[in-house]
Amino acid sequence: MAHGRHPRTRSGGGGAFVLHKIAVVSSAYEPKKIEARWQKVWADERTWEVANPGQPGFDGSRPKAYVLEMLPYPSGEPHVGHLKTYAVGDAIAHFRRRHGYEVIHPMGYDAFGLPAENNAIKTGEPPREVTERSIESFRRQFQEWGISIDWAREIGTHTPEYYRWTQWIFLKLFERGLAYRAEAPVQWCPKDATVLANEQVIDGRCDRCGTPVEQRRLEQWFWKITDYADRLLSDFDLLESWPEHVVTMQRNWIGRSEGAEVTFRCQEGGLDLDFPVFTTRPDTLFGATFFVLAPEHPELERLVAGTPAEEAVREYVNRVARESAEERGAEDRDKTGVPLGRSVVNPVNGEEIPMFVADYVLMEYGTGAIMAVPAHDNRDYEFAKAFDLPIRRVIEGVDEETVRDDAGLPYAGDGPMTGSGRFDGKHNRDAYAEIVEWLTEEGRGRASVNYRLRDWLVSRQRYWGAPIPMVYCDECGIVPVPEDQLPVELPEIVDYAPKGRSPLAAAEDWVATECPRCGGPARRETDTMDTFVDSAWYFIRYLDPQDEDAPWDRDAADHWMPVDQYIGGVEHAILHLMYARFVVKALADMDWLSVQEPFANLFTQGMITRDGAKMSKSRGNTVSPADYVERYGADSARTYICFMGPPERGGDWSDEGVEGVNRFLARLWRLCEEVEGREAGELDAGAGGDARELLAKAHWAIDKTTRDFQRGFQFNTAIAAVMELVNDAYRVKDGLYGDPAGVAAVRFAAATASSLIFPFAPHLGAEIWERLEGGRIWEQPWPEADPELLARDTVTLVVQVNGKLRDRIEAAAEAPEEELLALARESEKVRRHLDGKEIVKEIVVPGKLVNLVVR
RNA sequence: GCCGGAGUGGCGGAACGGCAUACGCGAUCGACUCAAAAUCGAUUGCCCUAACGGGCAUGUGGGUUCGACUCCCACCUCCGGCACCA
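Below you can see the structure in the form of structure tokens.
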């Protein structure tokens, strides 16, 4: 089978079709017509719909592939970021389908959220209406882009049919003790008048509106993601392929530190208080010279009540409270603090060390108190310098620079211990475990692990979200809404403006309810859930989107999960992806799911910029996909996005670039038109000359695109390979039209190009394939390159002298080393550089290169 | 400060340790046209040369190697993330 398996050559029966078409005058590439036609076919035939196990049409014989893009937030119209995500994802989906996979490729809308609500506050228009209008627009445009979505599985997270199950998940977590209500210092955005998750505070500012956030103590709902900190770390091992930097970002975010908890005691003035501290450096305990509490520390009040320090401490605490997180966290900030006039006892040596309050100690991390070791910690050192406190070195340096007593401080390195009683002389690393052991025996401490990760604050004082299914009863306290009363529907209201409490609180009829437990009067929870909750499980709902009796069918979930390829923006590297991982683990622990990780493979695409800057309405540099689809067609826009550069990197949008790709597609189109009207003979791989060369080039392109797909979605070079194939066809086509075998070669090139470009330009690919080969390209297996045609008879032998290129010689591919060397030495160009010199070494890389080393 | 990623023509970008600059954009020239657009074709890293040729170029400086964009060491710049996390 000299010409490979695919595409089929046209001969015999197809002739009539060809003759019929011959009369048609070559027409221009009209993407609009072609695209509308195929979109109708896909919609009418429900081409991309797949069935669940047990349903009619389910094909269990093929391996499954779940290809998923991060669902869009429907605000206004889709932008180029959406187009990129789905252009990349769709290419992957098509590629998998043509490799025999049953591909599930659903989409939906992350429809709850602040922008719709803020708009409602401004215009009075209900969020549901703007949101649904936007969804209309997304749906229409996605269809115009020709993305191969299974539309039967479409969902919106704002529908009661969906959020009913979001509420169900809340109840399940509550039952398991993973959802709890607590008063806690929280991040408060004064502009949006809501609390924020820690993850939504960027540089001390609200992630959404940029307003500096304030700290408040409020009762809020939390989800206990910290219970999963260790598994969220260790289960990275279960993932197949995630970008290293995303894993690193999550690792840093979870921020696991090993150390010890050590208890310092204050026994002054009739007080008898224990102050545990967390330290990663128990080996420096003997160097502690003072002790610091966070300004929010709950025992501060008692420590200074009625003492001379009371006034100053209170003043300091109040001042800190007024500061924004941003001010407090500022980089080159001078250390401030106030002495408490109290002291604690260092458990390792019985020393009394003075206590301070200082804002460099954070209540949120560790215990809100620290032992300060100025000799070995930069921050403690600065504080000690500012307050003229003793600095005691307990770890010696190991080199000239650091060994001297007061030079090189603070010293964070390792070395032998000093001034540490019976541990003197030991290396600090060895002493570490001994000290912890000793503390444990004495009951003064223990090994401990701390995380930067905080529990997930899920309640929001906003309207446009899923109501939290909880009820407050004076008799029974907090009572969950029974499952059979779900959904707790979001009521219609008129005033959406936040007033520091949820706008829902004003819907008195709705708030007033019966206690599900005692039947007495009760009030509904008026907070709604963070929208990240909605998107933490949507990928499971897609698997069984219409189920009214359960969030999903277990068989369907077991069949399709996990997501085999997840595609989205790197901006979700921490929040969304970690929340989804947590929710899936929690559900798996309750035996509602069988997988531990939702996303086996993750691909994060880079952001498209315009004129080097992030696109934004205020900057006026946005690119509207609709405009480009209108002007050049969806195929051009999609293919251009994949051609801009490696998709994991960003790229700058260029109108000329889209035109270039459009030109290429039109060129392919014209090639098809031209060859379609010519009588083709049998493909003849045995023939020589241009026909053979073109055939070989087509197989090279098959091989190249296939490898580029598999090597981390190198779409830019894959598309470049198809361009090369088309260019080569243009170069030789006129000479080949003379004989039927030549026409067949050009036809093969055109059909192959259409097959290979199909994942990026599905409409044009489908159209050309149908015209040249008949049938549906998406039902064709991905082509395989014929190794015989990949192999070359002759190769260009590169000849170097001392590593410098001196000549290129055509040589037989099979030629032995001796022959290649002889050829190289005979070359006139080479000899010029050998003149009068002695060849000391000859390197031969068969089929490639000869390097002559001379002296 | 710590952790990632990246520095290659005028621009976006290619290159298992072996032909640097594929492909595209832009530019120049030519064909077609009365003309323009579209299209087709050619040229296009820099320097020297009339030409044949030669020299220099992948952020900088070293190293390994017959041979380095690629590997190693040091540094510079840009981008992203985290950051008073004990």
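Residues -19 to 835 in the working numbering are what the first sequence lists, from first letter to last. For each residue, glycine too, the CB sits at the ideal point set by N, CA and C.
ask   = For the 8 Å Cβ check, are there 3 or more pairs between the segment 281 to 298 and the segment 228 to 236?
value = Not touching, per the Cβ criterion.
task = State whether the segment 61 to 71 contacts the segment 117 to 131, with contact taken as three or more CB pairs (one from each stretch) at a distance under 8 Å.
result = Cβ pair count under 8 Å is three or more, so yes.
key: Given A427 as reference, the closest of V438, Y412, D435 once Cα atoms are compared   = Checking every option, the nearest Cα to that of A427 belongs to Y412.
query = Fully enclosed by the segment 92 to 134, which alpha helix (DSSP H) runs are 4 residues long or longer?
reply = With a minimum length of 4 residues, the continuous alpha helix (DSSP H) runs that stay inside the segment 92 to 134 are 94 to 103, 107 to 125.
ask   = In angstroms, rounded to a whole number, what distance separates the CA positions of K713 and H74?
value = If you take the alpha carbons of K713 and H74, they lie about 30 Å apart.
task = Assess, as a yes-or-no matter, whether the segment 155 to 168 is touched by the segment 485 to 503 under the definition of 3 or more beta carbon pairs within less than 8 Å.
result = No, the segment 485 to 503 is not in contact with the segment 155 to 168.
request  = Inspect the beta-carbon positions of I234 and V328 and report whether they are closer than 9 Å.
outcome  = No, the Cβ-Cβ distance between I234 and V328 is not below 9 Å.
request  = Report all residues from its chain with a CB closer than 8 Å to the CB of E463; omit the five preceding and five following residues, and keep chain order.
outcome  = Excluding sequence positions up to five before and after E463, its CB lies within less than 8 Å of the CB of W148, L151, all in the same chain and listed in chain order.
Nonlocal neighbours in the same chain, by C-beta distance under 8 Å from T206, ignoring five residues either side = If we look at T206 and ignore the five residues flanking it on each side, its Cβ neighbours are Y431, L433, R434, D435.
key: Three-state secondary structure (DSSP) of M595   = M595: coil per DSSP, three-state reduction.
key: Inter-stretch contact (C-beta, 8 Å, three-pair minimum) for the segment 75 to 82 and the segment 39 to 51   = Verdict: yes, contact present.
query = Is M50 helix, strand or coil by DSSP?
reply = Note: M50 maps to coil in three-state DSSP.
task = Name the residue from T511, A240, P275 whose alpha carbon lies nearest to the alpha carbon of T420.
result = Residue A240 is the option with its Cα nearest to T420.
ask   = Where does M541 fall in DSSP's three states?
value = Coil, per DSSP.
query = Among residues of its own chain, excluding the 5 on either side of G93, which ones have a beta-carbon nearer than 7 Å to its beta-carbon?
reply = Within its own chain, the residues whose Cβ lies closer than 7 Å to the Cβ of G93, once the five positions on either side in sequence are excluded, are Y53, W444, T511, listed in chain order.
task = Please determine if the segment 594 to 606 and the segment 182 to 195 are in contact, where contact requires at least 3 C-beta pairs separated by less than 8 Å.
result = Segment contact: the segment 594 to 606 against the segment 182 to 195, fewer than three CB-CB distances shorter than 8 Å; contact not assigned.
message = Tell me which residues share the same chain as E220 and place their Cβ nearer than 7 Å to its Cβ, disregarding the 5 neighbours each side in the sequence.
response = Excluding residues within five positions, the ones whose Cβ falls inside 7 Å are A580, N581.
Completely contained beta strand (DSSP E) runs for the segment 139 to 181, where each covers 3 or more residues = Counting whole runs of 3 or more residues, the segment 139 to 181 contains the beta strand (DSSP E) stretches 159 to 169, 174 to 176.
request  = Return the first residue and the last residue of the beta strand (DSSP E) that T776 is part of.
outcome  = 774 to 781 is the extent of the beta strand (DSSP E) around T776.
task = Go ahead and pull the three-state DSSP assignment for Y345.
result = Looking at Y345 - three-state DSSP - the assignment turns out to be coil, as it is neither helix nor strand.
message = With distance defined between alpha-carbon atoms, name the residue in G755, L770, L769, V824 nearest to V781.
response = Checking every option, the nearest Cα to that of V781 belongs to V824.
Own chain partners of A765 with C-beta closer than 8 Å, once the 5 adjacent residues on each side are dropped = Same-chain partners within the cutoff: G(-16), H679, W680, I682, D683, T686.
message = Just list the residues that DSSP pairs C453 with in beta bridges.
response = BP columns for C453 point to G457, A502.
inquiry  = If I measure Cβ to Cβ from E248 and keep anything under 7 Å in the same chain, skipping five residues before and after, which residues do I get?
reply    = Only R322, S323 meet the Cβ criterion.
task = In angstroms with no decimal places, state the Cα-to-Cα distance between D187 and T269.
result = Taking the Cα positions, D187 is about 40 Å away from T269.
ask   = Is G330 buried or exposed, if buried means 16 or more other CB atoms sit within 10 Å of its CB?
value = Taking all protein chains shown into account, G330 has fewer than 16 neighbouring C-beta atoms within 10 Å of its C-beta and is therefore exposed.
ask   = Could you give the distance in angstroms between the alpha-carbon of I458 and the alpha-carbon of M450?
value = About 7 Å.
ask   = Would you call the CB atoms of V242 and R424 closer than 9 Å?
value = Taking C-beta atoms as the reference points, V242 and R424 count as a pair closer than 9 Å.
message = Less than 9 Å between the C-beta atoms of R17 and H743, yes or no?
response = Cβ distance < 9 Å, so R17 and H743 count as in contact.
message = Looking only at its chain, what residues have a beta carbon closer than 7 Å to the beta carbon of P467, apart from the 5 residues adjacent to it on each side?
response = Leaving aside the five residues that flank P467 on each side, the residues in its chain whose CB is nearer than 7 Å to its CB run, in chain order, P140, Y143, R144, Q147.
task = Give the DSSP-derived three-state secondary structure of G(-7) in the structure shown.
result = Only weak support exists for where G(-7) lies, its pLDDT of 35 falling under 50; the coordinates are left without a value.
ask   = What separation, rounded to the nearest whole angstrom, lies between the Cα atoms of D571 and R534?
value = Linking D571 to R534 through their CA atoms gives a straight-line distance of about 10 Å.
ask   = Count the other CB atoms within 10 Å of the CB of D529; is the residue buried (16 or more) or exposed (fewer)?
value = Label assigned to D529: exposed.
inquiry  = Using DSSP's beta-bridge definition, name the partner residues of H407.
reply    = Paired residue(s): P396.
ask   = Excluding the five sequence neighbours on either side, which residues of its own chain have a C-beta within less than 7 Å of the C-beta of D787, listed in chain order?
value = Here the set comprises V779, S807, K809, V810.
Proximal residues to Y546 (C-beta, below 6 Å), its chain only, five neighbours per side dropped = Answer for Y546: L48, F579, L582, listed in chain order.
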